Every structure is written in structure tokens, then in C-alpha cells.
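Take -3 as the starting number for the sequence shown in our numbering and just add one per residue.
C-beta: ideal position from N, C-alpha, C; glycine also.
Just so you know, these numbers come straight off a predicted model, no measurement behind them.
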Amino acid sequence: MAQVQPAAVLPPANDDRIAFFDLQRQRARLEREIKAGIDTVLGHGQFILGPEVDQLEDRLAQFAGVDHAIAVSSGRDALMIALMAMGIKAGDAVFVPAFTFAATAGAVVSVGARPVFVDVDPSTFNMDAEDLERAITEVNAAGASTPRAVMPVDLYGLPADYVAIGEVADRFGITVLSDAAQSFGSVLDGRGAGAMAPISATSFYPTKPLGCYGDGGAVLTTDARLAESVRMIRSHGRQGTGDEASVLGITGRLDTIQAAVLLAKLTVFSDELARRREIAARYDAALAPAVTVPSRPGRAKSAYALYTIRVHNRDAVHDRLADAGIGTGVFYRLALHQHPAFRHFDGRHLPVSEALAGDVLSLPIHPDLSDREVDRVIQALLDSVGSD
Ligand SMILES: Cc1ncc(COP(=O)(O)O)c(C=O)c1O
């Protein structure tokens, strides 16, 4: 039988550690509202497209400042459904940043189109509009595919430069689909994520700023025709509840139970965003002298899905922080053109994306972190960076 150890030799209590993501504290804060919402759904039994989905769509549209929000099964499905609604297909080229999550390019490939990788800006980590212009010009000159759309990503929660990108897109006659998977709650020039481009997709993956307890996402737009198409595609291509498929569709609906979870979380979402921004400001002030902190263009307010620094000895710093009981994350170790699934679409020079993959490191930034914990992360990071 295992011997019971005296308290003094037990390993440090778990609550001494600082988790990179911590969904349990938020659950404890909102448990009553979330359980009540789920119970209501269990009671009425409309698990697919129940009343909570309609309510959520109204609140999301209002929050983002758009006419239509359509709740769907994931962020990846939101992107794919939006591309299908836009009529993107084989033979089309869609321009995506080379430094993002694999789902961005995956959605393009899944509709048969070709993703073309565009390099990113070294300080915002978002799509570089000048490189977008070069990429479109190259695709036009090659003549093998037709430029149809650009999908900027609001990486880590910071809006892409929709003004510069929109100007290039207009000049070449292509549409902008915003991959706002990480940025619901962000603001650019007074517009919320979802309202920065003609059509946008977001994710409610559990660790996103607004996350559910499973997979979920939404398409947001002010274009009534696109919204109607998205509604049909998410539900087998049918109009309403009829059984005739008007267009090709998928099983792409958000579950009613997830809508109930999101409705409860939306009531505190603005406060949580404010806390994320407060933590970011605390990190910025203390860390700027030692590492490259995220840039904060004056026109933008990030949703801070992640707080990501650049540090040359990234892997060593990551390991030292882990030893100090502090969780960090690396998003992403590979640029898109370096993934086995997308290598065959390569062909462009993407030096900034490749450099970022080698030196980005994300620190804990969930809204339930205390100032004391943030200060511990800061101190441990400063110690780790300086100890080479
Ligand atoms: C930039 C980006 N695009 C798309 C997605 C896909 O979202 P989901 O995981 O909800 O399918 C994610 C999710 O991590 C993402 O970060």
C-alpha cells in the first residue's frame, strides 16, 4: 500500500501552477446560468435549431453590428459554408495568410479551390497587403486559376488591415471573406469583428474568447442573399424545413445546447474582453523592454484570444516557464506551406511567416487570471529570457 506522505514533501499544490487556458474558473463563475440554459433545452427537447439558436443569432448580429448571424457547427465549417455560398469552386484561387491555423487553407481546399499563400507583416502578424497584390498579379500572369477571394485572418484576435486589403481586393475585383475565428469581440475603426468585411466566419471552439462546450461557429454578413444561401447550406441545402435540396448542403448547424451555453457566456463577454485587454496592457508595460510584444495599431482593439510575443530562444523559454509551473503555447510551429497537407500549393517566398514559426510564444491571458498571477508570469518570463 502506498505510504501517505507528510504535507511538507508533497509536490506544490496544483493551484500554484498557472494554466495556459483555464476554462474551469469561468465555469465556476457562470455555472448556475449555464446549467439553467442547458436544462431548458433538455426540457423543450428542440436539440436542432431550437429557440436558443434564434436568440443567439439575434444577439451575435447585434453584438457584431451586422444584419445576419447564422450559427453553424464550427469555425472551419463557417469558412467552408461561406466559400460555398460565395460560389468559390475548382479553378478559383483564394488568397490566405501563410501564418495561421491549418483550417484557413483547409476550408479553401475542401471546396476544390486553390489556396495561395501570402506573407504577413512582422509586427501585426497579419496579412501583408503589398504581398497580396504581388500574389494576385502572379496568379493572373500564370493563368492557371482565377483570383476570386481573399481570406485575411485576425491572428491572435487582432483585426487584419481591412482597409489596405479591401483596396487591393476592389482593384482586382475579388471578394473579402474574413477569418475572424480568433477575433470575435475585436474592433477596427469602430466596427466589430463580423462587420469588417462583406462576409465573416468565427469560431466558438472552447478556448476562443467566446467559446462553447464543444464545436461551434457562425457566419456573419449584411448581405441578405449570402445569408440565405448560408442558411440553406448549413442544413442540407434545404429552404426552411422542406425536404427538397435547392443547393448542395452539409450538416452544418450549431446544436441548441451549445447556443444555450453561448447565450449565458455572452452576458459577461464584454467584461471578459475588457479584462483580457487589461492583462495585455500589464504584459506590454512590463515585457516591452525584454521581448517583442504584440503591436497595437491605434485603430484596432484586439480580442486577445492569445497574447503572443516574439523571443529568439523560444523553445528554451517555453521549457523554463513550464519548469516554473507556467503554461505557454506555440501557435504555430509551421507556416501553412510547410504542412504536409499543403506543401504542394507552395511556390512563393514567405520569409516573415517562416521566421514567426520559429520565435512566437503565447502567454496565459484568460479573463480569470489575477494581477498577482500575471505578475508571476512576467517575472518568470524575464528570468527565463535573461538566463541564456
Ligand atoms: C484562424 C482560424 N481559422 C479557423 C479555425 C477553425 O475553427 P474551429 O476549430 O471552430 O473549426 C480556427 C480555430 O482554431 C482558427 O484559429
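Item	Value
Beta strand (DSSP E) segment containing residue 357, residue limits	356 to 359
At least three beta-carbon pairs within less than 8 Å, the region 91 to 99 to the region 145 to 152	yes
Residue span of the beta strand (DSSP E) that contains residue 173, given as start and end	171 to 175
Euclidean distance between Cα positions of residue 4 and residue 113	The predicted model places residue 4 with a pLDDT of 37, which falls under 50 and marks its position as unreliable, so this point remains unresolved.
Exposure label - residue 122; buried when at least 16 CB within 10 Å	buried
Top-ranked residue by Cα proximity to residue 329, from 322, 343 and 349	349
Own chain residues within Cβ distance below 7 Å of residue 256, not counting five before or after	33, 34, 36, 37 and 48
7 Å CB neighbourhood of residue 207 in its chain, flanking five on each side removed	200 and 201
Backbone CA spacing between residue 378 and residue 213 [nearest angstrom]	37 Å
Exposure of residue 44, with buried meaning 16 or more beta-carbon neighbours within 10 Å	exposed
Residue 40 (DSSP reduced to helix, strand or coil)	helix
From 278, 54 and 238, residue whose alpha carbon lies closest to that of residue 373	278
Cutoff 7 Å; reference residue 84; Cβ partners in own chain excluding five residues on either side	90, 107, 109, 144 and 145
Runs of beta strand (DSSP E) lying entirely within the region 35 to 100, each at least 3 residues, in chain order	64 to 68 and 88 to 93
Distance cut-off 6 Å: residue 213 Cβ against heavy atoms of ligand 1	yes
Residue 340 burial status per 10 Å Cβ neighbour count (16 or more: buried)	exposed
Check: residue 328 C-beta below 6 Å from any heavy atom of ligand 1	no
Same chain, Cβ closer than 6 Å to residue 227, neighbours up to 5 away in sequence not counted	66
Any non-hydrogen atom of ligand 2 within 6 Å of residue 167 CB	As presented, the structure is devoid of ligand 2, carrying ligand 1 as its sole ligands.
Range covered by the alpha helix (DSSP H) that runs through residue 376	367 to 382
Identified DSSP bridge partners for residue 251	44
Burial state of residue 371, where buried means 16 or more other Cβ atoms lie within 10 Å	exposed
beta-carbon residue 99 near ligand 1 non-hydrogen atom, thresh 6 Å	yes
Assigned exposure category for residue 375 - 16 Cβ within 10 Å defines buried	exposed
Within the region 122 to 190, ranges of the alpha helix (DSSP H) (whole runs, at least 4 residues)	125 to 138 and 158 to 168
Range of the contiguous beta strand (DSSP E) that encloses residue 113	110 to 114
Contacts around residue 16, its chain only, beta-carbon distance under 7 Å, and the 5 residues preceding and following it disregarded	323, 324, 325 and 360
Rounded straight-line distance, which links the Cα of residue 193 to that of residue 231	24 Å
Whole-Å CB distance - residue 299 paired with residue 179, under 8 Å assumed	5 Å
Beta-carbon gap between residue 249 and residue 241 smaller than 7 Å	no
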